[in-house]
Ligand code: HDD
Ligand code: HEM
Ligand code: HEM
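Protein chains in written order, with this note's numbering: chain A, 101 to 434; chain B, 8 to 446.
Laid out in C-alpha cells, this is it:
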C-alpha cells in the first residue's frame with residue numbers, strides 16, 4: 101500500500117503543478133498583457149478556468165492530506181522550517197481565489213473591478229513564485245533542524261539563490277502552461293495569435309530561468325548537474341523535454357492547439373522528473389547531509405493501508421466525474 | 008503577544024471564519040435543490056430566478072470556504088506541528104475521506120454553476136444535490152476528526168508512545184455521533200435563519216415580494232425543523248460530555264463543587280479567583296437530569312479535577328449560556344412559525360413574525376460560534392484530551408503574533424468584502440429578475 105500512497109502523492113503534486121500551475125499562470129499572463137487586450141484575455145480566461153479552478157486546487161489539498169496522514173514527519177518538518185514561505189503562498193492562494201470569484205460575481209461592475217484585477221494578478225504571481233521557492237527549498241539542502249538562531253532555522257532554508265531561481269522558473273512555467281491552455285480555449289484568430297505570442301515569451305523566459313537554476317545550483321553547491329546528467333532517467337527525461345521543445349515550437353508556429361497541451365504537460369512532467377528522480381524517495385534534503393525519505397518516514401502500516409484504500413476508493417468516484425467535467429466544458433473547435 | 012496565545016487565537020479565528028462559509032456551503036445547495044426542483048416541476052420562472060440568485064451567492068461563499076479551508080489544512084502544521092506529528096496518522100482517516108468528498112463537491116459545483124443550458128436538466132439538478140450531499144459528508148467527517156480530539160480512540164498510549172494505531176476505530180470514537188449530528192443541525196439552523204431573515208427583510212420593504220416570499224418559505228421550513236431538533240440533539244451531546252469530559256461539563260455549568268443533586272444555573276457572573284458564581288437562577292436537580300437523566304444523580308464538579316487540568320470556566324460557561332439561550336429562543340420562533348403555517352394565515356399580513364425572523368438573522372451563527380467555543384475552550388488545557396497538552400503542541404517558531412495580525416487583517420477584509428458583495432447581489436435582484444426572461 102505504501103507504493104500506492106506514494107504514487108498518489110506524486111500524482112497529486114504533479115497534477116497540482118500542471119493544473120493549478122496553469123491556473124496561476126492565467127493571472128501571470130494577465131499581468132503581462134497590455135492594458136488594451138486585458139479585458140478580452142480576462143473573458144477567455146474566465147470561460148476556460150471558471151468551471152475547473154476549484155477542482156484544480158483540490159490536488160493541493162489531496163497532496164497535503166496524504167502528507168499529514170501518511171508522512172507526518174515530512175509535513176511537520178516543512179511546516180516548521182518553511183513556515184514563512186508557506187504562509188505567504190497561502191495568503192496568495194486566499195487572495196487570488198477570492199479575487200477571481202469576486203470579480204466575476206460582483207453584481208455591480210464598477211471601480212471595484214480594478215481592485216479585484218490587481219489582487220488577482222499580483223497574487224497569482226506571488227503564489228507561483230512561492231510554490232516554486234518551497235519546492236526548491238525541499239531539495240536545496242538548506243533546511244537545518246539543528247539550527248539555533250532564527251535566521252538559519254526559519255529564513256535561510258528558503259531564502260537562497262537556488263530556491264529563488266526555482267521560484268522564478270516556476271512562474272515562467274506556469275505562464276507557459278496557461279498560455280498553451282488558453283490557445284485552445286479561443287476560436288478567434290487574433291486571440292489565438294496573442295496567446296501564441298505569450299506562450300513563446302514564457303517559453304523563452306522558462307529557458308532563461310532554467311539556466312539560472314543551474315547557475316544558482318552551482319553557486320549553492322547543489323549537485324543538480326549530477327542529478328540530471330548522471331542518471332539515465334534524469335538524462336532521458338531532459339532529452340525528451342528538449343526534443344518536445346522543438347516539436348512544440350513547430351506546432352506553435354503551425355497553431356495546432358490540442359496536441360500542444362499534451363506536449364506542454366509532458367514537457368513540464370519531464371522537467372519535474374529530471375529534477376526529482378535522482379534523490380527519490382528522499383523528500384527533503386537537510387543541511388546536515390541527511391535526507392527525509394518517503395519510505396522511511398511513512399506512518400504506521402494500518403494508517404497507510406486505510407489511506408491507500410481511501411485514495412483508491414476516492415479515485416474511482418472522482419476520476420470519471422472529473423474527466424467528464426473537463427470534457428464538457430472544453431471549447432469545441434469550430 | 009505571547010506566541011502560544013497568538014497561535015491559539017489564530018487557530019480560533021481561522022476556524023471561526025471557515026465554519027461560517029462551510030455551513031453555507033453545506034446547506035444552501037439543499038435550498039437551491041428545492042427551488043430548482045420546483046422550477047423543473049412547475050415551470051414557474053420565479054423559482055428559476057431564485058435558484059440562480061442563490062447560486063451566485065453560493066459561488067462567493069464557496070470560494071471563500073475553499074480558500075479558508077485550504078489555509079486550515081496547512082495551519083494545523085504551521086501552528087501545531089507536534090500535535091500533527093502524532094495525531095496525523097491516527098485521526099487522518101476522516102481527513103482522507105473528506106478529501107474525496109471535497110473533490111466531488113468541487114467538481115459537482117463546477118457542473119452546477121456553469122451547467123445551465125449545457126446539461127440535461129435533471130442531471131444538472133442532480134449535480135446540485137451532489138454538492139449538498141458531499142458538503143454534508145465532509146462536514147460530518149471533519150467533525151469526526153475534531154471529536155477524536157475530545158475523545159481519543161484507536162491507539163494505545165504507552166510511556167508517551169502512540170502504539171497499535173487503528174484509524175477506523177479512531178474515526179468512530181465516542182464523540183463523533185453526537186457532535187456530527189449536532190453540527191449538521193446547527194448548520195441548517197444557522198444558515199436557514201440567516202437566509203430566511205434576509206428575505207423577510209426584503210418582504211417587509213416590499214421589494215419583489217413574490218420572489219422573496221418563495222425564498223423565505225424554503226429557508227424557514229428547513230431552519231425551523233432543525234431548530235426544533237437542536238435541543239434534543241444538544242441534550243444527547245450534554246449527556247455525552249458528562250460521561251467523557253466531566254471537566255468540560257463542570258466548566259459549562261460553572262460547577263465548582265460536586266453536588267448531588269446538582270442544580271442548573273441560568274445566567275450568573277463567574278468569579279474564577281474565588282471559584283464562585285453570583286446572581287444565577289438555580290433550577291434544582293435540573294443539571295443532574297440533563298447530565299445523567301436522573302434528577303438525583305451526582306454531578307462531578309471542578310473540585311474533583313486537578314487544578315492544572317481546569318479549562319477556562321468563565322468563557323466556557325458564558326458561551327454555553329449564549330448557545331442554549333439562543334437555542335431556546337429559536338425553538339420558540341419555530342413553534343410560532345409552524346403554528347401560523349398550520350392556521351394557513353398569509354405570511355405577509357404577519358409583519359411581526361417577519362420582523363422576528365429579521366431579528367434572528369445573526370442568532371444561529373452566534374450560537375454556532377458559541378457552541379464551538381464551548382467544545383474547544385472546554386477541552387483546554389488539552390489538545391488531545393487527557394493525552395497531550397495544547398502548550399506542548401505549539402510550533403517552536405517565534406513571532407507567531409505577526410502571523411496572527413496579518414491573518415486577522417485578511418479575514419477582516421474578506422468579511423467586509425463578502426458582506427458588501429452580498430449586499431450588492433440582493434440590491435440587484437429587482438434589476439436582474441424583474442423582467443420575466445433574463446440571463
Ligand atoms: C445553531 C447553533 C446551535 C444551537 C441553537 C445549539 N447548539 Fe449546541 N453546539 C453547536 C451549535 C448549536 C455547535 C457549534 O455546532 C457545537 C460545537 C461542537 C459541536 O459538536 O456542536 C455545539 C456544541 C454543544 C455541546 C458540546 C458538545 C461537545 O463538546 O461534544 C453541548 C453540550 C451542546 N452543544 C448543547 C446544546 C443545547 C442543550 C442546546 C439547546 C438549545 C444547543 N446546544 C443549541
Ligand atoms: C469550525 C468550527 C470550529 C471552531 C469555531 C473552533 C474553535 C476553536 C477555538 C476557539 C480554539 C481555541 C481554543 C483555545 O485555545 O482556548 C480552537 C482550537 C483548536 N481547534 Fe478548533 N474549532 C472548530 C473545529 C475544529 C476542528 C474540526 C478541528 C480539527 C479537526 C479543530 C482543531 C483545533 C485545534 C488543533 C486547535 C488548537 C489547539 C487547542 O487550542 O486545543 N477545531 N478551535
Ligand atoms: C467543524 C468544522 C468544519 C466543518 C463543518 C467544515 C466543513 C466544510 C465544508 C462543508 C466545506 C466545503 C466548502 C464550502 O462548501 O464552502 C469545507 C471546505 C474545506 N475545509 Fe472545512 N470544515 C470544518 C473545519 C475544517 C478544518 C479543521 C479543516 C482543515 C484541517 C478544513 C479543511 C477544509 C478544506 C481544505 C476545504 C476546501 C475544500 C474545497 O475546496 O471544497 N475544514 N469545509
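All C-beta atoms in this analysis are idealised placements derived from N, C-alpha and C, irrespective of residue type, glycine included. Just so we're clear, the structure is a prediction, and the values are computed from it rather than from any experiment.
Mapping the DSSP letters down to three states, classify residue i as helix, strand or coil.
| i | result |
| --- | --- |
| residue 306 of chain B | strand |
| residue 410 of chain B | helix |
| residue 396 of chain B | strand |
| residue 262 of chain B | coil |
| residue 7 of chain B | Residue 7 of chain B lies beyond the range of chain B shown here (8 to 446); nothing can be said about it. |
| residue 322 of chain A | coil |
| residue 442 of chain B | For residue 442 of chain B, the predicted structure reports a pLDDT of 49, less than 50, and the residue's modelled location is therefore unreliable. A value from the coordinates is still provided. Coil, per DSSP. |
| residue 134 of chain B | helix |
| residue 433 of chain A | With a pLDDT of 46 at residue 433 of chain A, under the threshold of 50, the modelled position of this residue cannot be trusted; read the value that follows with caution. Of the three classes helix, strand and coil, the one that applies to residue 433 of chain A here is coil, per DSSP. |
| residue 386 of chain B | coil |
Go through its chain and collect everything with a Cβ distance to residue i's Cβ below 8 Å, but skip five positions before and after it.
| i | result |
| --- | --- |
| residue 447 of chain B | With chain B running from 8 to 446 in the structure shown, residue 447 of chain B is simply not present. |
| residue 196 of chain A | 124, 127, 219, 220, 223, 224 and 227 |
| residue 40 of chain B | 132, 135, 136 and 139 |
| residue 113 of chain B | 73 |
| residue 405 of chain B | 10 |
Enumerate in chain order the residues of its own chain whose CB-to-CB distance from residue i is below 7 Å, with the five nearest sequence positions on each side excluded.
| i | result |
| --- | --- |
| residue 425 of chain B | 67 and 71 |
| residue 438 of chain A | The requested residue 438 of chain A does not occur in the structure, where chain A is confined to residues 101 to 434. |
| residue 368 of chain A | 117, 118, 273 and 277 |
| residue 25 of chain B | 72, 75, 76 and 79 |
| residue 444 of chain B | Low confidence applies to residue 444 of chain B: its pLDDT is 41, below 50, so where it sits in the model is not reliable, and the reading given next is rough at best. Correct list: empty, nothing qualifies. |
| residue 163 of chain B | 170 and 171 |
| residue 130 of chain B | none |
| residue 334 of chain A | 327, 328, 374, 377 and 378 |
| residue 398 of chain A | 102, 170, 171 and 404 |
| residue 204 of chain B | 364, 365, 367 and 368 |
Kindly identify the DSSP beta-bridge partner or partners of residue i.
| i | result |
| --- | --- |
| residue 405 of chain A | Residue 405 of chain A is not bridged to any residue. |
| residue 271 of chain B | B/290 |
| residue 393 of chain A | A/382 |
| residue 346 of chain B | DSSP output for residue 346 of chain B lists no bridge partner at all. |
| residue 163 of chain B | B/170 |
| residue 391 of chain B | B/395 |
| residue 285 of chain B | B/276 |
By Cβ distance below 6 Å, which residues in the same chain neighbour residue i in space, the five residues on each side in sequence not counted?
| i | result |
| --- | --- |
| residue 122 of chain A | 277, 278 and 281 |
| residue 264 of chain B | 308 and 310 |
| residue 371 of chain A | 341 |
Any residues in the region 166-179 of chain B with a beta carbon nearer than 8 Å to a beta carbon of chain A? Which ones, in chain order? 172, 173, 174 and 175
Given a limit of 7 Å on CB to CB distance, which residues of the region 385-401 of chain A reach chain B? 399 and 400
Any C-beta of chain A within less than 7 Å: which residues of the region 392-411 of chain B qualify? 402, 403, 404, 405 and 410
Identify each residue in the region 197-224 of chain A for which the Cβ-Cβ distance to at least one residue of chain B is less than 7 Å, and report them in chain order. 197, 198, 201, 202, 205, 206, 207 and 208
Residues of the region 122-154 of chain B with Cβ closer than 9 Å to any Cβ of chain A, in chain order: 122, 125, 126 and 137
Against chain A: residues of the region 85-98 of chain B by CB proximity under 7 Å: 85, 88, 91, 92, 95 and 96
Taking a Cβ distance cut-off of 9 Å, strictly less, list which residues of the region 163-188 of chain A are near chain B, in chain order. 164, 165, 166, 167, 168, 169, 170, 171, 172, 173, 175, 176, 177, 178, 179, 180, 181, 183, 184, 186 and 187
Could you list the residues in the region 8-29 of chain B with a C-beta less than 9 Å from some C-beta on chain A, going in chain order? none
Curious, which full-length beta strand (DSSP E) runs of at least 3 residues does the region 184-270 of chain A contain? none
Would you list, in sequence order, the uninterrupted alpha helix (DSSP H) runs of no fewer than 4 residues that lie entirely inside the region 45-105 of chain B? 52-86
Contact list for the region 244-271 of chain A against chain B, Cβ threshold 7 Å: 250 and 254
Could you tell me which whole beta strand (DSSP E) segments of length 3 or greater appear in the region 121-153 of chain A? none
Unbroken stretches of the alpha helix (DSSP H), 4 residues or longer, contained in the region 315-374 of chain B: 320-349 and 358-366
For the region 167-222 of chain B, which segments carrying the alpha helix (DSSP H) assignment without a break, of at least 4 residues, lie completely within its bounds, in sequence order? 174-178 and 183-211
Under 9 Å, CB to CB, which of the residues in the region 411-425 of chain A have a partner in chain B? 411, 413, 414, 415, 417, 418, 421, 422, 424 and 425
Residues of the region 50-67 of chain B whose Cβ lies closer than 9 Å to any Cβ of chain A, in chain order: 63, 64, 66 and 67
Going along the region 336-366 of chain B in order, which residues come within less than 8 Å of chain A, judged by CB to CB distance? none
Could you please tell me which residues of the region 103-117 of chain B, in chain order, have their CB closer than 8 Å to any CB of chain A? 103, 104, 105, 106, 107, 109, 110, 111, 113, 114, 115, 116 and 117
Quick one, which residues of the region 200-216 of chain B are near chain A if we go by CB-CB under 9 Å, in chain order? none
At a CB distance below 8 Å, what residues from the region 376-387 of chain B approach chain A? Give them in sequence order. none
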